[in-house]
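Colleague: Please read through the structure below; I'll follow up with questions.
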C-alpha cells in the first residue's frame with residue numbers, strides 16, 4: 229500500500245493597494261459623478277465584473293468604473309451587490325455597497341484626508357478603510373491590479 233502525500237500550499241497574497249468600503253443607497257453612476265466632482269477624477273464605466281456564483285452556471289454581475297489619478301495611482305469603483313440583487317462580490321461585507329480600490333499610491337498619499345473628503349459627499353452614508361488581510365476572499369481584488 230502506498231502512502232499519499234498531501235501538499236498544502238500556503239499562499240498569502242501581497243495586498244499592495246488601499247481598500248475603502250463606501251455605503252451609499254444611490255446608483256453607481258451618481259456615486260462616480262460625485263467622486264469625480266469632489267476629487268477631480270474622471271471615472272469611466274467599464275465592462276461589468278462577472279463572477280461565478282454558488283450554483284453551477286449561475287453568475288453575479290457587478291458594475292465597475294476606473295480612472296487614473298494625478299500621481300500615477302489608479303482608482304477603481306466596484307459595486308459589492310450584484311445588479312440583480314442576488315449576491316455579493318465580497319459576501320462577508322454585505323454592509324458595504326461599493327469598494328474603492330486604489331493602487332499605485334505614493335508613500336505621501338494621505339488616506340485620512342481622502343476619507344474626510346469623501347465623507348463630505350451627501351449621498352455617502354459611510355466610508356471606512358478595510359484591511360484586505362482581514363477579508364477571506366480579498367484575492368478577488370487582485371484582478372484589478374493586473375489590468
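Numbering (my numbering), first residue to last: 229 to 375. Even glycine gets a Cβ: it sits at the ideal position worked out from N, Cα and C. Note that the structure is a prediction, hence the values are computed from the model and not measured.
(1) Label residue 360 either buried or exposed according to how many other C-beta atoms from any shown protein chain fall within 10 Å of its C-beta, with 16 as the threshold for buried.
(2) Nearest-angstrom Cα distance between residue 253 and residue 366?
(3) Considering only residues of the region 273-337, which uninterrupted beta strand (DSSP E) runs meet the minimum length of 3 residues and lie entirely inside it, listed in chain order?
(4) Reducing DSSP to helix, strand and coil, say where residue 237 ends up.
(5) What residue range does the beta strand (DSSP E) around residue 356 cover?
(6) Note down, in chain order, each residue of its chain lying with its Cβ closer than 8 Å to the Cβ of residue 272, except the 5 sequence neighbours on either side.
(7) Exposed or buried, residue 257, counting other C-beta atoms within 10 Å across all chains shown (16 or more means buried)?
(8) Sorted by chain position, which residues of the same chain lie with C-beta nearer than 7 Å to residue 297's C-beta, five sequence neighbours on each side aside?
(9) So residue 363 is in the alpha helix (DSSP H); what residue range does that whole segment cover?
(10) Just confirm the distance between the C-beta atoms of residue 320 and residue 364, as a whole number of angstroms; I'd bet it's less than 8 Å.
(11) For residue 349, does the three-state DSSP call read helix, strand or coil?
(12) Can you tell which of 336, 255 and 245 has the C-alpha that lies nearest to the C-alpha of residue 352?
Modeller: So, to answer that:
(1) Against the chain shown, residue 360 aligns to sequence position 132. Buried is the call here.
(2) As a working note, residue 253 is residue 25 in the chain shown. As a working note, residue 366 is residue 138 in the chain shown. About 23 Å.
(3) 287-296, 302-307 and 326-331
(4) Locating residue 237 in the chain shown gives position 9, counting from the first residue. Legend: pLDDT at residue 237 = 46, less than 50; position of this residue unreliable, value from coordinates given subsequently. Coil at residue 237, not helix or strand.
(5) Within the chain shown, residue 356 is the residue found at index 128, counting from 1. Its beta strand (DSSP E) spans residues 354-358.
(6) Reading the chain shown from its first residue, position 44 is the one you call residue 272. Answer for residue 272: 293, 294 and 295, listed in chain order.
(7) Taking the first residue of the chain shown as position 1, residue 257 is located at position 29. The residue is exposed, with fewer than 16 neighbouring Cβ atoms inside 10 Å.
(8) Along the chain shown, one-based indexing puts residue 297 at 69. Excluding residues within five positions, the ones whose Cβ falls inside 7 Å are 269 and 303.
(9) Taking the first residue of the chain shown as 1, we reach residue 363 at position 135. Looking at the DSSP string, residue 363 is not in any alpha helix (DSSP H), and its letter there is neither H nor E.
(10) As a working mapping, residue 320 is identified with position 92 in the chain shown. As a working mapping, residue 364 is identified with position 136 in the chain shown. Yes, residue 320 and residue 364 are in contact; Cβ-Cβ is about 6 Å, under 8 Å.
(11) If you number the chain shown from 1, residue 349 lands on position 121. Of the three classes helix, strand and coil, the one that applies to residue 349 here is coil, per DSSP.
(12) By 1-based counting over the chain shown, the position of residue 352 is 124. Residue 352 has its Cα closest to that of 255, out of 336, 255 and 245.
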